[in-house]
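Asker: When you line the first sequence up against the working numbering, it's residues 1044 to 1339, in that order. Note that CB positions come from ideal geometry on N, CA and C, so glycine has one too.
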Amino acid sequence: MPELPEVEVIRRGLAPRLRGRRFNGVAEGPHRLRRQSPAPDFSRWLPGRRVLDLRRRGKYLLLDLEGGATLLFHLGMTGRLLLTPGPPPPLPHVHLTFRLEGGLALLFQDVRRFGQALIFPPGMDLTPLEQVGREPLSPQVTARRLAKMARGRFRPLKNFLLDGRIMAGIGNIYASEIMFAARLHPAAPVGSLSPADWRRLLRHTRRILRAAIARGGTTINDYLDSHGRTGLFQLDLLVYGRHGEACRKCGAAIERLNQGGRSTFFCPCCQTPGAEQGREGRPDGACDAPFDNVSK
DNA sequence: CACCCCACCTGCGTGC
DNA sequence: TGCACGCAGGTGGGGT
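(1) With burial defined as no fewer than 16 other Cβ atoms inside 10 Å of the residue's Cβ, what is the status of Glu1109: buried or exposed?
(2) Just to confirm before moving on: does the CB-CB distance between Gly1393 and Gly1284 stay below 8 Å?
(3) To which residues does DSSP link Glu1298 through a beta bridge?
(4) To the nearest angstrom, report how far apart Cys1179 and Thr1140 are at their CA atoms.
(5) To the nearest whole angstrom, what separates the beta carbons of Thr1315 and His1228, a pair I think is in contact under 8 Å?
(6) Going by the DSSP bridge assignment, what does Leu1161 pair with across the sheet?
(7) Less than 8 Å between C-beta atoms, sequence neighbours within five positions excluded: which residues of the same chain meet that for Arg1092?
(8) What are the partner residues of Leu1150, as DSSP defines its beta bridges?
(9) Out of Asp1279, Arg1249 and Gln1302, point me to the one whose CA is closest to Arg1291's CA.
(10) Mind checking Leu1134: buried by the 16 CB within 10 Å criterion, or exposed?
(11) Helix, strand or coil: how does DSSP classify Met1210 here?
(12) Do Ile1251 and Ala1358 come within 8 Å of each other at the CB atom, strictly closer than that value?
(13) Arg1156 and His1138 - do their beta-carbons sit closer together than 8 Å?
(14) Return helix, strand or coil for Ala1058, following the three-state DSSP convention.
(15) Which two residues bound the contiguous beta strand (DSSP E) that contains Asp1268?
(16) Could you tell me if Glu1051 is buried or exposed, where buried requires 16 or more neighbouring beta carbons within 10 angstroms of its beta carbon?
(17) Kindly give me the distance between the Cβ atoms of Leu1172 and Arg1100, rounded to whole angstroms, as I take these residues to be in contact under 8 Å.
(18) Within its chain, find whatever has a CB closer than 7 Å to the CB of Leu1245; leave out the 5 residues flanking it on each side and keep chain order.
(19) Let me make sure I understand the geometry here. Which of Leu1114, Ala1193, Leu1300 and Met1120 has the alpha-carbon closest to that of Ala1160?
(20) How many Å lie between Leu1169 and Gly1287 at the Cα?
(21) Provide the residue span of the alpha helix (DSSP H) that contains Glu1220, from first to last.
What follows is the structure in structure tokens.
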């Protein structure tokens, strides 16, 4: 579930309440996450240590602890980090309960258990981050660099966007939204994009990620922030989950495509392969749609 | 190396 | 009502 914007919203929600706060202890649930440190490791490095800062890398959330240890979280598809002021409520699927000073409890709840919670002792490499690509919201990513990484490659644009080793943090929802905004077809071989395509793609990537953060993320089914609140960006989605509905720009029916076992949503009219040049300068809604599309 | 595919889980909506 | 099936925001390991 949580992509870059959702993890960033969680980070911003937790940071002011966790900074400077000491961990007391940890309790495990009956089931383990896909990757989860053994309880003795948490017990060794958490109790008595203060949280110095919270960082995000891609979809990973990192808590820097006093003394140099790092607590790393990944929320997988359905993970939540909930901070409760008092005794934690008896919620289902809570796999870790971190107790902090002042009576706070940080709960890791995850229905599908694809999430990760790992403690790294001081000085140890954060191995999960080694493969994480550059931050799309940082100047480290440039259109030129993306074009270079795509040169000579034939993989579909959608797969390229979802490849976290290239740009970190883009998931299935925002990939579709970004390609729609940039008017690029999800199956387009990445090596075929022009420099202008890459500039447009990066510009919309940043715009959409920032807008989603400002809206508190996207809640489809499960996502809640650290206060237990939903996001609002689902109201701004233009293609994701809108299979069969009318494109908001041209009226054509949004289509669903299966790429690598995952759904991609796109407008067959606005995102026609190779049609970009011919459309420059034309207003929205002026693509050559098949006819029964300005409807509903 | 580049790329594909499935496994890992539970829950929910749909259609028969 | 019940049941089978498909699908869901993520990685990561193994195969071609």
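Answerer: Reading from the atomic positions:
(1) exposed
(2) Within the shown structure, residues of the chain are numbered from 1044 to 1339, placing residue 1393 beyond reach of any answer.
(3) Phe1309
(4) The sequence shown places Pro at residue 1179, rather than the Cys named in the question. Going by the C-alpha atoms only, they are around 32 Å apart.
(5) At roughly 7 Å, the Cβ-Cβ gap stays under 8 Å, so Thr1315 and His1228 are in contact.
(6) Leu1115
(7) Arg1065, Phe1066, Leu1108, Glu1109, Gly1110 and Ala1112
(8) Leu1125 and Thr1140
(9) Asp1279
(10) exposed
(11) strand
(12) In the structure as shown, the chain starts at 1044 and stops at 1339, and residue 1358 therefore has no counterpart that could be examined.
(13) yes
(14) It is helical.
(15) Note, Asp1268: premise wrong, no beta strand (DSSP E); not H, not E.
(16) buried
(17) 5 Å
(18) Val1184, Ala1186 and Leu1189
(19) Leu1114
(20) 43 Å
(21) Asn1215 to Ala1224
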